[in-house]
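Numbering (the numbering used here), first residue to last: 24 to 159.
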């Protein structure tokens, strides 16, 4: 329980001000947030891979597909250079405790937030493609 209370992971989240919700959709702003969020999650997925070493194929595949999605989203942008570059080299395992149980809990938090981020990403991309079809 203490881990949940001390959850100081600064995981990317899609919020209303990011322009990804239907009510106030802003294409460029939303795509920028999605692309930068996926890039940011990449370093956390490395930690997930280390935690679940026995399922290495799955976690490596998740990393590759996340990177591919980030690139594809960036290609949809009018100004792809506006996506901030994340410093993946500066990443350390500071958020992964040594205790195996706590490590699994933190990994679960990462995967939960990643799932929520992907759900909102899918909604935004689906809305974007629907809007594009209506504009034709």
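Beta carbons: idealized from backbone N, C-alpha and C, even for Gly.
Taking a cut-off of 8 Å for Cβ pairs, the segment 72 to 85 and the segment 35 to 52 do not touch, as fewer than three such pairs fall below it. The Cβ-Cβ distance between residue 71 and residue 138 does not fall below 9 Å.
By the neighbour-count criterion, in which 16 or more other beta carbons inside 10 Å mark a residue as buried, residue 74 falls on the buried side.
If you draw a straight line from the Cα of residue 154 to the Cα of residue 119, it is about 41 Å long.
Only buried fits residue 106, as 16 or more other CB atoms lie within 10 angstroms of its CB. Of the other Cβ atoms in all chains shown, 16 or more fall within 10 Å of the Cβ of residue 96; this residue is therefore buried.
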